[in-house]
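Peer 1: Numbering (our numbering), first residue to last: 565 to 1079.
Every residue, glycine too, gets a C-beta built ideally from N, C-alpha and C.
Just so you know, these numbers come straight off a predicted model, no measurement behind them.
Let me give you the structure first, and then I'll get to my questions.
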């Protein structure tokens, strides 16, 4: 794809113009390791990393031993969809689990499935959807892996009902720095389980996970799209949505002021019954997968055009965002008045289709841009949404997109969870606006801190260490567990060194001085 080629040129240029020398390694590289130029999803963060592609648990153990012998740190990686430096490990090792992709066990009667870490969400649905089973807390990207979803504790459009992805995990196997594989059970090993889920891969390598599936009435959903005029109407409507729907996601207009501030379109969805024999349901699901594959091929073909158009439009960002927001809201209002805004469609199209057709994060955010997702308590919702939209309007560049979701609280130590709402900002600053946009993001984070919220670490690249500690008060418990299972800090990432690791003068695997 054109965007990937352009991104790779930027990465190669950045690495050639100032990265320090690769660390000295005392032995030949294994055949499953190679040096690569690696970037975050949007391409704004780059690193030169030794990437390992193990094909078995035994090879994962070999990689751990190799890194310990050569004083290298390890950053586990799933599908590589994180926006910031959580999946970068400059001058050290990234352990990519994508080739560990087998479904090991599946019991339809209990709804339990045992998988390797590299199994993708779409692979699971191909196995279960025709059986009227589903996996909750699924993001819109179909090729996100199970281990990546555990490490980031990702959320779906059903987060307020069924929690984040970690709540679907019953047990897991964790390869630790010692080379031992620990059986970590949700109930029996609660402290370690709470540190691994949402733990950004910093406790070890998840080599196996047991997932709990849910029964569904059919593989089809009824979708309603309701425009609301301001933030008060939005929050009032969301009370009804949370009681009657299974999924919800909200598009917010960042341009309106006064009485129209916070106007939005609420997409609410629920599972519906669909009569049919098992063979008929299987045929319908097979056809849905075929349509999904066709849409993917179409998206790949059109990607150079759509991304060029988006990138060009965002050069006149305020005009483009203002025009799109007006058109989308009024289009949604007209359809709602004509009673044509509701429909029934397959879960596959609802959840995954948009990720193919919406322009990539590289195009929407640009190489100087970023995504910031914040969450705040329900009781602060009206004030928080109002304040954050006002911050957007005072910034030099409006967010290209602002999406709201509903969540529930959980107990994972550095998890992105709260009994409340999240806002996801996609920011595309032009070159002349970068410094002012950085100040806007600082103001946004400080606002989240005041409201007692959090920032999604899987998308972060801007937090300071002081901000992190205020946002995640349980970080001390997290580090204490890491000290127990990984005392030499074998498992690291660029984010870990930026936000979590000890004093700068500490010398541990992963430092350029010790590499």
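What does DSSP give as the partner residue(s) for residue 1055 in the beta ladder?
Peer 2: 638
Peer 1: When DSSP labels each residue in this structure, what does residue 568 get in the three-state scheme?
Peer 2: Only weak support is given to the placement of residue 568: the predicted model assigns it a pLDDT of 42, under 50, and the value that follows is read from those uncertain coordinates. Here residue 568 sits in helix by DSSP.
Peer 1: Roughly how many angstroms lie between the CA atoms of residue 624 and residue 889, to the nearest whole one?
Peer 2: 48 angstroms
Peer 1: Report the residue from 850, 607, 611 and 734 whose alpha carbon sits nearest the alpha carbon of residue 691.
Peer 2: 850
Peer 1: Suppose the cutoff is 7 angstroms on Cβ atoms and the five residues either side in sequence are ignored; what does the same chain contact list for residue 583 look like?
Peer 2: With a pLDDT of 49 at residue 583, under the threshold of 50, the modelled position of that residue is not reliable, and no figure is offered here.
Peer 1: For residue 1046 and residue 827, I'd like the C-alpha separation in whole angstroms.
Peer 2: 44 angstroms
Peer 1: For residue 831, which beta-bridge partners are listed by DSSP?
Peer 2: 789 and 813
Peer 1: What did DSSP end up calling residue 737 once you bin it into helix, strand or coil?
Peer 2: Of the three classes helix, strand and coil, the one that applies to residue 737 here is strand, per DSSP.
Peer 1: Can you find at least 3 beta carbon pairs, one from the region 964-971 and one from the region 984-992, that sit closer than 8 angstroms?
Peer 2: Flag = yes, the region 964-971 and the region 984-992 touch.
Peer 1: Please check the pair residue 1019 and residue 1009, which I expect to be a contact at CB under 8 angstroms, by giving their CB distance rounded to whole angstroms.
Peer 2: 6 angstroms
Peer 1: Could you compute how far the alpha carbon of residue 731 sits from the alpha carbon of residue 709?
Peer 2: 16 angstroms
Peer 1: Relative to the C-alpha of residue 758, which candidate in 734, 779 and 744 has its C-alpha closest?
Peer 2: Checked all of 734, 779 and 744; the closest Cα to residue 758 is 734.
Peer 1: State the beta-bridge partners of residue 966 as determined by DSSP.
Peer 2: Residue 966 has 989 as its beta-bridge partners, per DSSP.
Peer 1: I need the straight-line Cα distance from residue 974 to residue 1042, nearest angstrom please.
Peer 2: Computed Cα separation, rounded: 15 angstroms.
Peer 1: Starting from the Cα of residue 1052, find the closest Cα among 693, 707, 768 and 754 and give me that residue.
Peer 2: For the residues 693, 707, 768 and 754, the minimum Cα distance to residue 1052 belongs to 768.
Peer 1: Among 600, 614 and 1055, which has the Cα closest to the Cα of residue 589?
Peer 2: 614
Peer 1: Would you report the Cα separation of residue 774 and residue 680, rounded to the nearest angstrom?
Peer 2: 9 angstroms
Peer 1: For the beta strand (DSSP E) containing residue 961, name the first residue and the last one.
Peer 2: Careful: residue 961 lies outside any beta strand (DSSP E) and carries neither H nor E.
Peer 1: So residue 912 and residue 860 are in contact, right, with Cβ under 8 angstroms, and what is the actual spacing, rounded?
Peer 2: The C-beta separation of residue 912 from residue 860 comes to about 11 angstroms, leaving the pair out of contact by the 8 angstroms criterion.
Peer 1: Which residues bound the beta strand (DSSP E) around residue 774?
Peer 2: Looking at the DSSP string, the run of the beta strand (DSSP E) that includes residue 774 is 769-776.
Peer 1: Where does residue 684 sit, in a helix, a strand or coil, going by DSSP?
Peer 2: strand
Peer 1: As a quick exercise: from 587, 629, 796 and 648, pick the residue whose alpha carbon is nearest that of residue 602.
Peer 2: The residue among 587, 629, 796 and 648 with its C-alpha nearest the C-alpha of residue 602 is 648.
Peer 1: Does the region 780-795 touch the region 824-838, meaning 3 or more C-beta pairs lie closer than 8 angstroms?
Peer 2: Under the 8 angstroms Cβ criterion, the region 824-838 counts as touching the region 780-795, having at least three qualifying pairs.
Peer 1: Answer yes or no: do residue 699 and residue 688 have a C-beta to C-beta separation smaller than 8 angstroms?
Peer 2: yes
Peer 1: Measure the alpha-carbon distance for residue 667 versus residue 605 and round it to whole angstroms.
Peer 2: Distance from the CA of residue 667 to the CA of residue 605, rounded to the nearest whole angstrom, comes to 27 angstroms.
Peer 1: Which of the three DSSP states, helix, strand or coil, is assigned to residue 691?
Peer 2: helix
Peer 1: By alpha-carbon positions, which one of 714, 636, 674 and 908 ends up nearest to residue 701?
Peer 2: A check of alpha carbon separations from residue 701 across 714, 636, 674 and 908 identifies 714 as the nearest.
Peer 1: Excluding the 5 residues flanking residue 1001 on each side, which residues of the same chain have their C-beta closer than 8 angstroms to its C-beta?
Peer 2: Short of 8 angstroms from the beta carbon of residue 1001, and not among the five residues preceding or following it, lie these beta carbons of its own chain, in chain order: 959, 960, 961, 991 and 993.
Peer 1: Measuring CB to CB, does residue 1022 end up less than 8 angstroms from residue 770?
Peer 2: no
Peer 1: Using C-beta distances below 6 angstroms, list every residue in its chain close to residue 1065, excluding the 5 sequence neighbours before and after it, in chain order.
Peer 2: none
Peer 1: For residue 632, which residues in the same chain have their Cβ closer than 7 angstroms to its Cβ, ignoring the five residues on either side in sequence?
Peer 2: 1054
Peer 1: Flag this pair as touching only if the region 834-841 and the region 720-730 have three or more C-beta atom pairs under 8 angstroms; answer yes or no.
Peer 2: As far as the Cβ criterion goes, the region 834-841 does not touch the region 720-730, which means the pair count is below three.
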